[in-house]
Amino acid sequence: MQKAATVIVAATMVFSTGATAEILEPGPYVSCVTDNGVTVNWITNTATAVNAVEYGTTAAYGSSVPSYQDMAAEEDTGTYYVHSARITGLSASATYYYRVVSDAYTSDNEGAGWTVATFPAVGTQDFSFVVYGDSRYAGESNTHLLWHEKVMRGVSKEPVPLILHGGDAISRTDRLIEWSGSHPSSGDPQGEFFRIAGGRFKVMQSKWIAVCKGNHELMGDYPTLYGKVFENPYSGNGLGVNASEDYFAFDYANARIIFLRHNGSEGFRAFSGFICSIHSGASSSGTRWE
Numbered sequence: 052m053q054k055a056a057t058v059i060v061a062a063t064m065v066f067s068t069g070a071t072a073e074i075l076e077p078g079p080y081v082s083c084v085t086d087n088g089v090t091v092n093w094i095t096n097t098a099t100a101v102n103a104v105e106y107g108t109t110a111a112y113g114s115s116v117p118s119y120q121d122m123a124a125e126e127d128t129g130t131y132y133v134h135s136a137r138i139t140g141l142s143a144s145a146t147y148y149y150r151v152v153s154d155a156y157t158s159d160n161e162g163a164g165w166t167v168a169t170f171p172a173v174g175t176q177d178f179s180f181v182v183y184g185d186s187r188y189a190g191e192s193n194t195h196l197l198w199h200e201k202v203m204r205g206v207s208k209e210p211v212p213l214i215l216h217g218g219d220a221i222s223r224t225d226r227l228i229e230w231s232g233s234h235p236s237s238g239d240p241q242g243e244f245f246r247i248a249g250g251r252f253k254v255m256q257s258k259w260i261a262v263c264k265g266n267h268e269l270m271g272d273y274p275t276l277y278g279k280v281f282e283n284p285y286s287g288n289g290l291g292v293n294a295s296e297d298y299f300a301f302d303y304a305n306a307r308i309i310f311l312r313h314n315g316s317e318g319f320r321a322f323s324g325f326i327c328s329i330h331s332g333a334s335s336s337g338t339r340w341e
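In structure tokens, the structure reads:
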């Protein structure tokens with residue numbers, strides 16, 4: 052086993068009642084993608100001493116970075132640990148292989164390695180992305196989840212590196228089993244998000260699904276779980292300027308993507324969403340956005 056490399060990727064681990072460390076299924080997930088870097092995140096069921104990402108232009112990897120953050124995430128079935136690593140110095144519009152390591156456990160797509168593509172260079176005129184939202188479980192008809200599956204099935208076949216999610220990714224954010232996978236003691240809806248986006252279609256390992264903070268991301272006894280499961284650009288990781296991950300922004304090719312959330316004060320109804328501002332050139336007063 053090689054030493055793990057640092058990339059910002061998020062990973063999900065298998066739920067276990069024992070003390071042996073495991074990486075939650077369906078594996079890592081990426082976030083904070085830029086034209087020269089990626090964040091990889093993954094989740095373990097216990098605290099682990101060595102957490103890293105190995106990466107390279109082939110499945111031989113060759114480079115490694117340690118996690119910069121190993122955060123305890125408490126929820127109603129126990130405490131799990133979310134690990135994040137940042138890979139930098141990458142080339143724009145390039146594909147990289149990676150795997151995540153926590154102590155003696157590895158998530159590497161059954162030996163083939165996970166892959167992720169960096170964004171096009173800032174200023175690139177031709178680009179595409181996917182927009183959808185409200186993919187949570189919504190009763191017996193379950194139409195939201197069905198659309199979630201349809202979107203992930205389609206996106207998995209397209210070379211689109213960015214997916215914008217308008218919020219309400221799951222029913223209750225305080226239950227990791229709803230984010231990730233099944234738990235033997237629960238008969239409630241399980242694996243609403245990662246099980247489909249990562250387990251069935253393996254999208255989240257290769258494309259950044261940027262999730263806006265909707266009202267369902269605040270429900271339950273542990274509303275801070277959203278901020279621990281997702282690593283968004285903010286001042287704490289040096290990728291944004293805001294201290295809170297409730298709202299954030301980033302560049303994608305020739306666009307500026309701005310995620311918003313309003314709590315309903317000052318006469319406004321609560322809302323969440325995002326703005327895509329397209330760069331339209333420069334003027335005497337500076338850069339113009341539309």
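This note's numbering applies: residue 52 is where the sequence shown begins, and numbers increase by one.
Here a beta-carbon is modelled for each residue, glycine too, at the ideal position from N, C-alpha and C.
With a minimum length of 4 residues, the unbroken runs of alpha helix (DSSP H) contained wholly in the stretch 166 to 216 fall at 194 to 206. Taken atom to atom, the span from the alpha-carbon of E105 to that of A168 is near 15 Å.
Around the C-beta of L197, fewer than 16 other C-beta atoms lie within 10 Å, and the residue is accordingly described as exposed. In the three-state reduction of the DSSP assignment, S114 falls in the strand class.
Rounded to whole angstroms, the gap between the alpha carbons of S295 and G164 is 33 Å. Put simply, the backbone Cα of P79 is about 22 Å away from that of D185. Taking all protein chains shown into account, A136 has 16 or more neighbouring C-beta atoms within 10 Å of its C-beta and is therefore buried. If you check the CB distance, R187 and I221 come in under 8 Å. In the DSSP assignment, V280 falls within the alpha helix (DSSP H) that extends over 276 to 280. N293 sits in coil when the DSSP states are folded into three classes, being neither helix nor strand. In the three-state DSSP reduction, G78 falls in the strand class (E or B). For T139 and G107, the gap between their C-alpha atoms comes out near 12 Å. Taking the C-beta atoms as reference points, L311 is found nearer than 8 Å to Y298. Just measuring C-alpha positions, the residue of S115, E126, L276, W93 sitting nearest Q256 is W93. A100 sits in coil when the DSSP states are folded into three classes, being neither helix nor strand.
Membership of D86 in any beta strand (DSSP E) is not indicated, and neither H nor E is assigned to it by DSSP.
Per the coordinates, the alpha-carbon of Y112 lies some 38 Å from the alpha-carbon of H267. When DSSP states are grouped into helix, strand and coil, I326 belongs to the strand group.
Annotation for H134: the continuous beta strand (DSSP E) segment containing it runs 129 to 138. For S153, the number of other beta carbons within 10 angstroms of its own is at least 16, and it is reported as buried.
The continuous beta strand (DSSP E) containing M122 extends over residues 120 to 126. A Cβ-Cβ contact shorter than 8 Å links P77 with F245.
Between the alpha carbons of V116 and A145 lies a gap of roughly 19 Å. The shortest CA-to-CA distance from D86 to any of I326, W259, V292 is the one to W259. In its chain, beyond the 5 residues on either side, A123 have a beta carbon closer than 6 Å to the beta carbon of T130.
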